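Worksheet: the structure to be examined is printed underneath.
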Amino acid sequence: MKETKVIELEEVAIRFSGDSGDGMQLTGTLFSDATALLGNDISTFPDYPSEIRAPQGTVGGVSGFQVQFGHKQINTPGDYAHVLVAMNPAAIKANARFMMPGATIIYDSDSFTEKNLTKANFKTDDPFTELGLEDYFKIAVPITTLTQEGLKEFGLDNKSVLRSKNMFALGLVCWMFNRPLEFVDEFIRSKFKKKPVVVESNIKVLHDGYNYGMNMQHMTPTYLVHPAEIENGTYRNINGNHATAWGLLAAAERSGLELFLGSYPITPATDILSALSERKDLGVKTFQAEDEIAGIASAIGAAFAGDLAVTTTSGPGLALKSEAIGLAVMAELPLVIVNVQRGGPSTGLPTKTEQSDLLQALYGRNGESPVVVLAASTPSDCFYYAYMASKIALERMVPVILLTDGFLGNGSEPWRIPSMAELPAITPRVAKDAETFKPYSRDKDTLARDWAFPGMKGFEHRIGGLEKNITGTVSHDPENHQVNTEIREEKVQRVVDLVPDLEVCGDEEGEILVVGWGGTYGHLISTVRQLRLEGKDVSLAHFNYIKPLPKNTKDVFSRFKKIIVCELNLGQFAGYLRDKMPGFNYFQANKVKGLPFTVSELKESINKLLED
Amino acid sequence: MTDLKYTIKDFKSDNEIRWCAGCGDFAIINAVQRTMAGMGIPREKFAVISGIGCSSRFPYYMSTYGFHTIHGRATAVASGVKAANPELNVWVITGDGDSMAIGGNHFIHMIRRNFDLNVVVFNNRIYGLTKGQYSPTSDRGFVSKTSPFGTVEDPFIPGQLVLGARGTFFARSIDGNLKLSQSVLEGAAQHKGTSVVEVLQNCVIFNNGIHAAITDPNYRADRQLVLEHGKPMLFGEENDKGLIFDKGKLKVVKIGENGVTESDILVHDAYEEDPTLHLALINMKLPDFPVAFGIIRSVTAPVYDAEMEAQIKQVQQTRRIKNVDELLRSGNTWEVTGNGNGKGSSPKCP
Chain P
1484 MKETKVIELE EVAIRFSGDS GDGMQLTGTL FSDATALLGN DISTFPDYPS
1534 EIRAPQGTVG GVSGFQVQFG HKQINTPGDY AHVLVAMNPA AIKANARFMM
1584 PGATIIYDSD SFTEKNLTKA NFKTDDPFTE LGLEDYFKIA VPITTLTQEG
1634 LKEFGLDNKS VLRSKNMFAL GLVCWMFNRP LEFVDEFIRS KFKKKPVVVE
1684 SNIKVLHDGY NYGMNMQHMT PTYLVHPAEI ENGTYRNING NHATAWGLLA
1734 AAERSGLELF LGSYPITPAT DILSALSERK DLGVKTFQAE DEIAGIASAI
1784 GAAFAGDLAV TTTSGPGLAL KSEAIGLAVM AELPLVIVNV QRGGPSTGLP
1834 TKTEQSDLLQ ALYGRNGESP VVVLAASTPS DCFYYAYMAS KIALERMVPV
1884 ILLTDGFLGN GSEPWRIPSM AELPAITPRV AKDAETFKPY SRDKDTLARD
1934 WAFPGMKGFE HRIGGLEKNI TGTVSHDPEN HQVNTEIREE KVQRVVDLVP
1984 DLEVCGDEEG EILVVGWGGT YGHLISTVRQ LRLEGKDVSL AHFNYIKPLP
2034 KNTKDVFSRF KKIIVCELNL GQFAGYLRDK MPGFNYFQAN KVKGLPFTVS
2084 ELKESINKLL ED
Chain W
24 MTDLKYTIKD FKSDNEIRWC AGCGDFAIIN AVQRTMAGMG IPREKFAVIS
74 GIGCSSRFPY YMSTYGFHTI HGRATAVASG VKAANPELNV WVITGDGDSM
124 AIGGNHFIHM IRRNFDLNVV VFNNRIYGLT KGQYSPTSDR GFVSKTSPFG
174 TVEDPFIPGQ LVLGARGTFF ARSIDGNLKL SQSVLEGAAQ HKGTSVVEVL
224 QNCVIFNNGI HAAITDPNYR ADRQLVLEHG KPMLFGEEND KGLIFDKGKL
274 KVVKIGENGV TESDILVHDA YEEDPTLHLA LINMKLPDFP VAFGIIRSVT
324 APVYDAEMEA QIKQVQQTRR IKNVDELLRS GNTWEVTGNG NGKGSSPKCP
């Protein structure tokens, strides 16, 4: 485990920036007022240009307004912005140094004309590369065009139309940070009450911007940062979806196999598909299928044909893949299934985070259909767990579900770049001896079968979804089905020898053990740290391996008086632990608001348990 | 590779075939095995992928690589097999329900992408494995266990669906005609792209005689038009009936009547890009027209798996990043040095 300090969702610094005529001060003020009205503590920092009438479009003419908001008392507007709203290239240039590494930049793509780039003294047509902002998360929005389009019916002159651009940006940001528009509507009505056209046009554009954000499913950025005390090495910023994609690439290279991804776009998992689609240079085969089922079915075909095969999705997509996962269980093929969880059920909250697919991952199939289930816990360790998911699948001939979530997928953090040599070896179970090969003969220790794929001479065989005997012949024999069902379960359980022991952060024994899994790690460790600094007897055990559970789980649990399981669902992991690790009284802290935990609410739950 | 001498026996597995006695599937597997044996391709390069249904038991009876998958998904699984290894010779075995009902989406998208796959659709116009429900190719009014008063829906015509999905190859055969089946399967195997072969197949138990009107030996010559590229579209006992194109429609004429000569008869061009005439041929049905058999359409178009491979090769020619280590260090990175012992923090709670 590593130290991670969390900047919570509500503590975000946003900088609005554009030409002094773009109305960014007003935009910033309105946003902060709307935010204050929600009960957030805020701090703002207007940054006017030194020359009020500096030439339009130049760096000197840039005007900015930064607002930082959060639940706790905020004393500064934040040194660095997490989000920059830039109305032109000059705004990006002027603000590059005020942004967090990997920050989100929302910009008016219409303003990126040659003229504006020249005015801002850019030498190329790619200002982001010129400023070294390649890894920043950029959201290009044609704000000018969309504003003009939205006001077509109003018969306004072009100048008045362009003056409303800021309202589009404001609407978009209000969507991203869950700010209701009522307050801004009201403000516009009272400020321009003598000019009904201005009221209507501004409100129209404001709502257009909000709806655009909703339709494009632009996500709320989430951030995790490390404290200063970190390991020496080379670092980069990475988000969870990229880390997942790269972990899969690393596993393919290390195992000597080609990587195949069959996937269908779905929020918030799509970025893994795009990240791997970019990597033709490393030979990745990405297949954007016609639906979720074809995504996994094609991956199963690729696994049958000898690739490291992967499918990526989010909750509803996992539901669609259920039957095919069962086929991979039955055919005993190596397959990695990544589920970037979001709020459910049904379409639920596509852009919000949740941990409510745990039981679906464990049990959501017909029949006794065991798979290995892993969960990543920080944006950067998605790399490692994607790698491990691949290793387990290839060495144990079993489907592996890797759970991440929207918070991890879109959240980014600095990451010490590992070298390939540091990663554990991956040895796929490719069959060697055609004479003795049988499709379902097994390694006596791991119970994994051998993998032979089309093209290998002498290993021709048939597999499929029907129950088989050892030779791959269909078998309806009752005894055979009982034995094979137990073997498939036992094969998954034996993966435990690849699972590291559960670590305890804090004391090895004591009053309260906080238990979590997956993407809540950052908030849980921050909570436990703070409580311990206050002298409380609290430790943390965080799970990355859900099935099978680490060997020492029971041993760890037995050394604490109380266990509280914290998760973003109604208690799925707690229920699983009651089943698999009985004999303990599990308390629960649960949240299903589509938002991560906050440290303060976790502290409250744990303090209450300490007092009881 | 052409020195490989296989016989049909080399493609049969030891598994006992469990289709019903008299099932049309026996003749089809025979034709497929003969076709494969004659292709000069090593046996281990064949992969036969099926979905669910009677026909989908097919892979178990083959000695090649085989994968009996799940209902409707064989086309999607096969697409993944071919993408993973374009050197394989991949066959999809499916039925009217498997490919056009539960698997309809994958079927049309496989065709649209033009994966280099050979797809054999066993069309018996019934659900056999579930014991006799109507299928998406059953005629309106068809009476079955789930339509005791007749269906109130119109069927798919498989060839229409294939052409509507931009299909590059479509052929039709019938189970009883082994020679025709083998010849269209060979054409399918040689075609680069998705080759769909519809085989009219008789389900002896649940839909016996569904194609009898076409196969009846007494009328066969009048009711079947076997198309060959470059040959006139002639049929009939005396080979004196033919097709002409009149006022935008196909029309059956008789040579010698109304001044019609053989030179008036349409000549089959399977390679024509424009699918209009191919579609008209596919749509022909009794009693006004004979039913068209043979390779109706065979045109060239970019093949997905080949394009995918070529694109990767092309990008790799000018690549800056050659391995994962280089990838991880590309873009914005920074160094952290002189931090204590440089080992960083182990898990630590104060």
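Heads up: the protein sequence lines correspond to chains P and W, in order.
Numbering-wise, the first sequence is residues 1484 to 2095 according to the working numbering.
Numbering-wise, the second sequence is residues 24 to 373 according to the working numbering.
C-beta: ideal position from N, C-alpha, C; glycine also.
This structure is a prediction, so every number in the text was calculated from the model and none was measured.
{"Query": "Got a sec: is the Cβ-Cβ distance from R1945 of chain P to anything in chain W below 7 Å?", "Result": "yes"}
{"Query": "Can you tell me which of P:Y1695, P:F1787, P:I1820 puts its alpha carbon nearest to the alpha carbon of R1912 of chain P?", "Result": "P:F1787"}
{"Query": "Classify W357 of chain W as buried or exposed, calling it buried when 16 or more other Cβ atoms lie within 10 Å of its own Cβ.", "Result": "exposed"}
{"Query": "Find the nearest neighbour of V1883 of chain P within the set P:H1944, P:V1975, P:K2086, P:P1610, judged by alpha-carbon distance.", "Result": "P:V1975"}
{"Query": "For M1903 of chain P, is the classification buried or exposed, using 16 other Cβ atoms within 10 angstroms of its Cβ as the cut-off for buried?", "Result": "exposed"}
{"Query": "Alpha carbon to alpha carbon, how far is A1908 of chain P from A1859 of chain P? Give it in angstroms, no decimals.", "Result": "20 Å"}
{"Query": "Work out the CA separation of I233 of chain W and F165 of chain W for me, nearest whole Å.", "Result": "11 Å"}
{"Query": "With distance defined between alpha-carbon atoms, name the residue in P:F1499, P:V2082, P:F2070 nearest to L2093 of chain P.", "Result": "P:F2070"}
{"Query": "Just curious, the alpha helix (DSSP H) that P1897 of chain P is in, first and last residue?", "Result": "Counting along the chain, P1897 of chain P falls outside any alpha helix (DSSP H), though it belongs to the beta strand (DSSP E) covering 1895-1899."}
{"Query": "Would you kindly report the start and end of the unbroken alpha helix (DSSP H) that includes V55 of chain W?", "Result": "48-60"}
{"Query": "Do you know offhand how far D162 of chain W's Cα is from K1951 of chain P's?", "Result": "37 Å"}
{"Query": "What are the residues that DSSP puts in a beta bridge with P1882 of chain P?", "Result": "P:L1818"}
{"Query": "Taking C-alpha atoms, which residue in P:L1885, P:K1835, P:W1729 lies nearest to R352 of chain W?", "Result": "P:W1729"}
{"Query": "Pull up the distance between the alpha-carbon of F316 of chain W and that of N306 of chain W, whole angstroms please.", "Result": "11 Å"}
{"Query": "With DSSP as the reference, label E209 of chain W as helix, strand or coil.", "Result": "helix"}
{"Query": "Who are the Cβ neighbours of F179 of chain W in its own chain at under 7 Å, not counting the five residues just before and after it?", "Result": "M123, P159, T160"}
{"Query": "Which residue marks the beginning of the beta strand (DSSP E) containing W2000 of chain P, and which one marks its end?", "Result": "1993-2000"}
{"Query": "Could you list which residues in chain P have their beta carbon closer than 7 Å to that of W357 of chain W, in chain order?", "Result": "Y1718"}
{"Query": "Can you tell me which of the three DSSP states F1620 of chain P falls into?", "Result": "strand"}
{"Query": "Going along chain P, which residues have a C-beta under 8 Å from H252 of chain W?", "Result": "Correct list: empty, because the minimum Cβ distance to chain P is about 32 Å."}
{"Query": "Check K1940 of chain P in the structure and name its three-state DSSP category.", "Result": "coil"}
{"Query": "Put T2081 of chain P into one of helix, strand or coil per three-state DSSP.", "Result": "coil"}
{"Query": "Select from P:M1659, P:T1541, P:Y1695 the residue whose C-alpha is nearest the C-alpha of D1505 of chain P.", "Result": "P:T1541"}
{"Query": "Measure the C-alpha to C-alpha separation of L1677 of chain P and L1645 of chain P and round it to an integer number of angstroms.", "Result": "The residue asked about is misnamed: residue 1677 of chain P is Lys in this sequence, not Leu. Computed Cα separation, rounded: 20 Å."}
{"Query": "In the region 1956-2041 of chain P, which residue ranges form an unbroken alpha helix (DSSP H) of at least 4 residues, counting only runs that do not cross its ends?", "Result": "1961-1976, 2004-2016, 2036-2040"}
{"Query": "By Cβ distance below 6 Å, which residues in the same chain neighbour E1905 of chain P in space, the five residues on each side in sequence not counted?", "Result": "none"}
{"Query": "Just the Cα atoms here: how many angstroms apart are I2047 of chain P and T1628 of chain P?", "Result": "52 Å"}
{"Query": "When the Cα atoms are used, what is the spatial distance from C77 of chain W to Y83 of chain W?", "Result": "12 Å"}
{"Query": "Below 8 Å on the Cβ atoms is my contact criterion, and I expect A1777 of chain P with H129 of chain W to pass it. Report the Cβ-Cβ distance as a whole number of Å.", "Result": "5 Å"}
{"Query": "Interface residues of chain B around A1733 of chain P at Cβ under 7 Å?", "Result": "In the displayed structure, chain B is absent; the protein chains listed are P and W."}
{"Query": "Could you compute how far the alpha carbon of G1955 of chain P sits from the alpha carbon of N2068 of chain P?", "Result": "46 Å"}
{"Query": "Are the C-beta atoms of S1852 of chain P and some chain W residue less than 7 Å apart?", "Result": "no"}
{"Query": "Looking only at its own chain, which residues have a Cβ that is under 7 Å from the Cβ of I267 of chain W, when we skip the five neighbours before and after it?", "Result": "K274, V276, D287, I288, L289"}
{"Query": "Straight-line CA distance for E2045 of chain P to I131 of chain W?", "Result": "The question names Glu, but residue 2045 of chain P is Lys in the sequence shown. Going from the Cα of K2045 of chain P to the Cα of I131 of chain W covers about 57 Å."}
{"Query": "Near V326 of chain W, what residues of its chain come up, given a Cβ to Cβ distance below 6 Å and the 5 sequence neighbours on each side ignored?", "Result": "N137, D139, K215, G216"}
{"Query": "Since R1719 of chain P sits in a beta bridge, which residues does DSSP pair it with?", "Result": "P:W1898, W:T356"}
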